[in-house]
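Only one structure is covered here, and it is reproduced in the block below.
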Amino acid sequence: MYQFISPIKIYYGEESLNNLDKILLDLKVQHVFLLTDPILKSLGVITPILERLSKLNIKVEISIDTEPEPSLLVGNVILEKVKESEAEIVIGIGGGSTLDLAKAASVLADNEGVIEDYLNLTGERKLIGKGLPKILIPTTAGTGSEVTDIAVFSLEDTKDVIAHDYLLADYTIIDPVLTYTLPPKVTAASGIDALTHAIEAYTSANASPLTDILALDAIGRITKHIRTAVRDSSDKEAREQMAFGSLLAGMSFYNAGVAGVHGLAYPLGGLFKIPHGESNAVLLAYVYDYIWPSCLVKIKEIAEAFQLPTDGKTNNEIAITVVKSLRDLVKDVGLPTTIKEYKINEENIDRLTTNALKQTRLLQRSPEILNSRAIKGIYRNAYEGKLTNHK
Ligand SMILES: [Fe+2]
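Whatever position you read off the sequence shown (first residue = 1), add 59 for the working numbering.
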């Protein structure tokens, strides 16, 4: 028996932003809180939305108080603004951090307390109110935030989440047109994040037949199109396929969960402020270099989705090829393939390991047990750029 959850309504594909008017009219909304980031505002990406709201005579309060890898402080500032605005609905438009902030603020506006009261590792309160309705509109193809119930926050030395069904979007609009202005590095990092979601969901201990179908399709789609999307931002086909692949990966990992790569990436993001997609990218090959013996059949299917030649090869040889392809892909899209490149001192590996071990929610979904020794070894290999191939 399996369970599968997703947001109520998902609009996707080119020009799907046109559905926003209908949604707002259906909800009879008079007053909107719109959260975005300063770059999107200055690039004019939200201008078409503001024009629509104006035509519909809807009052709008805009906040650009977002930040990448958001802190609790920023989360609470936005929460206060949503409360003070007395808006009837929250629209989040931006990358994963903006969408996470919109999700947390819209729900907590209807609950007592502040963000830290509801964190997974240390929070002591339970959400009671469902919160304001929310429309989530991603402008990157990668984080999956628009289809999950999680909001991630940066703490001093790691990250933690608020996770609850109430954080799911009421409406999600995934329009690839909004990703046309993404610079290559963000396209690369968010695209590898999406690929990591798909691969980790596929090999997760919580995978199901439905999450497998979504994940495997996403893996094929993303690996086929990510290089083009990074090289040529105006390639509509690549942008559309990346947006769709990211949606499939998001729906899959929301239900199957992500695991070791994300668990080890959180401390890298928390301690050294490495963007989420990049911290996954720099670990992806090294985590799979360690865990592939525990998921050989699925690794072989991933090789097929990568369109790697498998004829005449043993499963072990195929797995080693998959791991190398993961590192090659990260390199091809222009992201660092070793932790060393971030000028992080090797002595921090112990601290990173201690923090990663706290991410039990993620680590328990790994097909291979990730204990202190294993995690330290993975960080060390990722630092040096060493693939062991289990030899
Ligand atoms: Fe992620």
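Each residue gets a CB set at the ideal place from its N, CA and C atoms; glycine is no exception. Since this is a predicted model, take the numbers as computed values, not measurements.
Contact belief for residue i with residue j at Cβ below 8 Å, rounded distance in angstroms
| i | j | result |
| --- | --- | --- |
| Thr125 | Ser75 | Contact flag wrong, Cβ pair sits at about 23 Å. |
| Thr198 | Leu237 | 5 Å |
| Asp234 | Glu73 | 7 Å |
| Ser305 | Gly201 | 5 Å |
| Ile67 | Asp224 | With a Cβ gap of about 11 Å, Ile67 and Asp224 do not count as contacting. |
| Ile148 | Leu99 | 19 Å between Cβ atoms; not a contact. |
Residue i beta carbon near ligand 1 (any heavy atom closer than 7 Å)
| i | result |
| --- | --- |
| Asn339 | yes |
| Val317 | yes |
| Thr255 | yes |
| Asp224 | no |
| Asp252 | yes |
| His284 | no |
| Thr202 | yes |
| His90 | no |
Cβ neighbour criterion (16 or more within 10 Å) applied to residue i
| i | result |
| --- | --- |
| Gly203 | buried |
| Gln418 | buried |
| Lys162 | buried |
| Gln62 | exposed |
| Ser338 | buried |
| Pro129 | buried |
| Lys185 | exposed |
| Ser113 | exposed |
| His90 | exposed |
| Asp409 | exposed |
| Ser249 | buried |
Cβ neighbours of residue i in the same chain (closer than 7 Å, five flanking residues each side left out)
| i | result |
| --- | --- |
| Thr447 | Asp348, Asn440 |
| Tyr401 | Phe331, Ile333, Pro395 |
| Ser431 | Thr412, Leu416 |
| Lys357 | Tyr261, Thr262 |
Close Cβ partners of residue i (< 6 Å) along its chain, the five nearest in sequence each way excluded
| i | result |
| --- | --- |
| Gly316 | Ser263, Asn265, Arg424 |
| Val220 | Asn179, Ile209, Val211 |
| Arg286 | Asp391 |
| Asn414 | Asp216, Thr217, Pro326 |
| Glu259 | Val317, Ala318, Val320 |
| Ala277 | Ala257, Gly304, Leu307, Ala308 |
| Ser267 | Tyr61 |
| Lys142 | Ala168 |
| Ala247 | Val289, Val392, Gly393, Leu394 |
| His284 | Ala297, Gln300, Met301 |
| Gly188 | Asp169, Asn170 |
C-beta neighbour in chain B for residue i, strict 8 Å
| i | result |
| --- | --- |
| Ala324 | Chain labels in this structure do not include chain B; a single protein chain is all it has. |
What are the start and end residues of each continuous beta strand (DSSP E) run of 3 or more residues lying completely inside the stretch 127 to 160, in chain order? Runs of the beta strand (DSSP E) lying entirely within the stretch 127 to 160, each at least 3 residues long, are 148 to 153 in chain order.
Runs of alpha helix (DSSP H) wholly within the stretch 210 to 242 (minimum 4 residues, chain order): Look at the stretch 210 to 242 and you find no whole run of alpha helix (DSSP H) that is 4 residues long or longer.
Only counting runs of 4 or more residues, tell me where the alpha helix (DSSP H) segments fall wholly within the stretch 298 to 361, in order along the chain. The DSSP assignment places 319 to 331, 335 to 350 as complete runs of the alpha helix (DSSP H) inside the stretch 298 to 361, in order along the chain (cut-off: 4 residues).
Secondary structure, alpha helix (DSSP H): runs of 4+ residues fully inside the stretch 64 to 91: Those alpha helix (DSSP H) runs which fall completely within the stretch 64 to 91 and span 4+ residues are 78 to 86.
Write down every uninterrupted run of the alpha helix (DSSP H) in the stretch 351 to 429 whose length is 4 residues or greater and which is fully enclosed by it, in chain order. Runs of the alpha helix (DSSP H) lying entirely within the stretch 351 to 429 and spanning at least 4 residues, in chain order: 355 to 364, 374 to 391, 408 to 416, 419 to 422.
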